[in-house]
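First the structure, in the form of structure tokens, and then the observations on it.
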Amino acid sequence: MAEDYKNKLLILYRDHYRTLFNYGLKIIKDKEVVRDCIQDGFYNLWTDPSKLENVVVIKSYLIGILRNLILKHIASNGKTDGLKDFNTFEISIEDTLIDNENKEATSQQLQRAISNLTPKQKEIIYLRFYEGLSYEEIEKITNTNYQSVRNLLSKAIKNLRKYILNFILFFQIFLIL
Amino acid sequence: MESSKSILEELVLNESFQDYVMHNKNKTEWQDWVAQNPDKKDQFENAKSIIRSLRIKEQAVPESEIDNEITKFEQRIEYSKQSGSVNVLPLWKILSRIAAILILVGSITLIYYNVPKEPPPVSQVDMVTKETPLGAKLQIKLPDGTKVKLNAGSVLKYPSVFSNDSRAVELVGEAFFEVVTDRSRPFIVSTPYLQTRVLGTSFTIKSFTSEISKVSLMEGSIRVSADGSDQLLEPGEQVILKNKSMVVQPYDYNEEFGWRDGILNFKDDNAEKVFNKLKLWYGVDFDFGEQKIPVLKYSGYYKNEDLETVLEGLSYSLKFDYEISDRTIKIMFN
């Protein structure tokens, strides 16, 4: 029984480690802290198996646990006052994946635009467009209601659109000519 | 133009559309949509580009790292089982995990950190005693991860497992503590004459039975109590307990913390104190014969120097000749 549960946790650990590690690194750069927080999260699940019973989407549940542990860590080191939010979320754009020819310019512009977003906007973009979590799951993880998630994302996209569309338009005109 | 913009936006924010672009879901639905709205095809394509361009760079994680982390986790689980009941790990398991043992030492820390549920019964908690002979120092890591550097001629006692409500250790002698923060369990150092209570912080305590006791704070905050009175210390301050009264004053860094970095410090020390420090530091004995130790003072410091170099330096100021034979040094004052 305990052995089954242990194996289940080990599988989850393996399956979600990359996701969790990468998410954690966006909040805090110290890899060791991220690893420790991931482990503490799983360890808490080990000590209390009931926690997993009603979980529907395991991925977003694990992300939520990690998020809280990292916030706790940051707060205990006195770097922030509250536990509710962090003040950084660092994402950078994968330039090799942008599917047009003027890769470098676009990715630079986009990177600049992204760096102007708030940490929360960045986090939502990340969870939605990279991790593919639903608005509902993001709502739970970030303690932000559905409409706010949508609004934050909308604002973020508006900020980014200028840069992305400038490029796209430029590219289209070029094609027409 | 205005409406085409908002269509673009609607599309980008639409979950079903996002899933279509990212995961190729709802494919027919969106292909139908664009077929029925040929005038919106541009917006449709632009919205796709926007979503596609938001690819985020990820840190590559090698399989070996995941293996390593999982091994650590298994170790931690095993360890927690053991603390409840006797559970013998098969030898092969131990051998196969030898690489992870060092890391395990680090993670034992966290086990008791986060598990208030199964406190180990008090009777099972062994006390660990670490003792340094004269002339030697010792680096110790406590079960909660707190680092202690024990100076020469000192004794530290601590439980192999800390309880859930406090982390209590006993010290006779001098030690530097770098305490891991744990708000729910204060760290308490008891010495024969005083008690120091901390949350997470670094400081030294010097409390040999015969001498005055000192607690010096590097960072954080601590409360020192002795004989019913209390003193709260700020970083840079020390409290000196002498004749049952406490005095707070700034300290000399090299004097209080230098020993950790191999700095042997003398500050306005009289000759007797100088020789006592050497005794402790190098683990040697001095033979003064029938001579009285002169009343001379000495200031200076030596970093990682051997005894002979230090004696050579001291002999000019304190005016003596010396003869080293094994662990005893014969001193002849001029």
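Keeping their order, the protein sequence lines are chains A and B. Residue 1 is where the first sequence starts when you use the UniProt record's numbering, and the numbers rise one by one after that. Residue 1 is where the second sequence starts when you use the UniProt record's numbering, and the numbers rise one by one after that. The beta-carbon is built from N, C-alpha and C at its ideal position, and this holds for glycine as well. Since we're looking at a predicted model, the values are computed, not measured.
- Take the alpha-carbon of B/S325 and the one of B/I331: they are about 11 Å apart.
- For A/R14, the nearest beta carbon of chain B is closer than 7 Å to its own beta carbon.
- Listed along chain B are F73, each with a C-beta nearer than 7 Å to that of A/F42.
- Around the beta carbon of A/H16, 16 or more other beta carbons lie within 10 angstroms, which makes this residue buried.
- Under the Cβ distance rule, B/L318 does not count among the residues neighbouring chain A, no pair being separated by less than 7 Å.
- Rounded to whole angstroms, the gap between the alpha carbons of B/K292 and B/E272 is 10 Å.
- Each residue's CA atom was taken as its position, placing B/S190 and B/A168 some 8 Å apart.
- Interface criterion not met: the Cβ of B/V128 is under 7 Å from no Cβ in chain A.
- For B/G313, the enclosing alpha helix (DSSP H) stretches over residues 307-317.
- According to DSSP, residue pairing for B/D287 in a beta bridge involves B/K330.
- Taking 7 Å as the cut-off, the Cβ atoms of B/L156 and B/L171 count as close.
- If you check the CB distance, A/F89 and A/P49 do not come in under 7 Å.
- Between B/Q36 and A/R128 a beta carbon distance of about 26 Å is seen, past the 8 Å cut, so the two are scored as non-contacting.
- Counting along the chain, B/V295 sits inside no alpha helix (DSSP H), nor does DSSP assign it H or E at all.
- Within the UniProt domain "FecR protein" (131-222) of chain B, complete beta strand (DSSP E) segments of at least 3 residues are found at 138-141, 147-150, 155-159, 167-178, 187-190, 195-198, 202-207, 213-219, given in chain order.
- Between the beta-carbon of B/T201 and that of B/I222 there is about 6 Å, and that keeps the pair under the 8 Å contact cut.
- Look at the segment 37-59 of chain B: the residues with a C-beta under 9 Å from a C-beta of chain A are D42, E45, N46, S49, I50, I51, R52, S53, L54, R55, I56, K57, E58, Q59.
- In the DSSP assignment, A/I63 falls within the unbroken alpha helix (DSSP H) covering 58-76.
- Each residue's CA atom was taken as its position, placing A/I27 and A/N87 some 8 Å apart.
- Nearest CB-CB separation between B/V21 and chain A: not below the 7 Å threshold.
- The three-state secondary structure of B/V61, taken from DSSP, is coil.
- Among the CB atoms of chain A, none fall inside 7 Å of the CB of B/E305.
- In the DSSP assignment, B/E323 forms a beta bridge with B/K330.
- DSSP places B/D269 in the uninterrupted beta strand (DSSP E) bounded by 263-270.
- If you check the CB distance, A/V149 and A/E137 do not come in under 7 Å.
- Secondary structure of B/G300 (DSSP, three-state): strand.
- By the Cβ neighbour-count rule, B/S154 is buried, with 16 or more other Cβ atoms within 10 Å of its own.
- Given a length threshold of 4 residues, each whole run of the alpha helix (DSSP H) inside the segment 4-51 of chain A is given here in chain order: 31-47.
- In this chain, the alpha helix (DSSP H) harbouring B/V21 covers 15-23.
- Judged by pairs of C-beta atoms under 8 Å, the segment 58-69 of chain B does not touch the segment 20-39 of chain B, as fewer than three such pairs exist.
- If you ignore the 5 residues before and after B/N304, its C-beta comes within less than 6 Å of the C-beta of G262, all in its own chain and listed in chain order.
- For A/F129, the nearest CB of chain B lies under 7 Å from its own CB, placing it at the interface with that chain.
- A residue is called buried when at least 16 other Cβ atoms come within 10 angstroms of its Cβ; B/G289 does not meet this threshold and is exposed.
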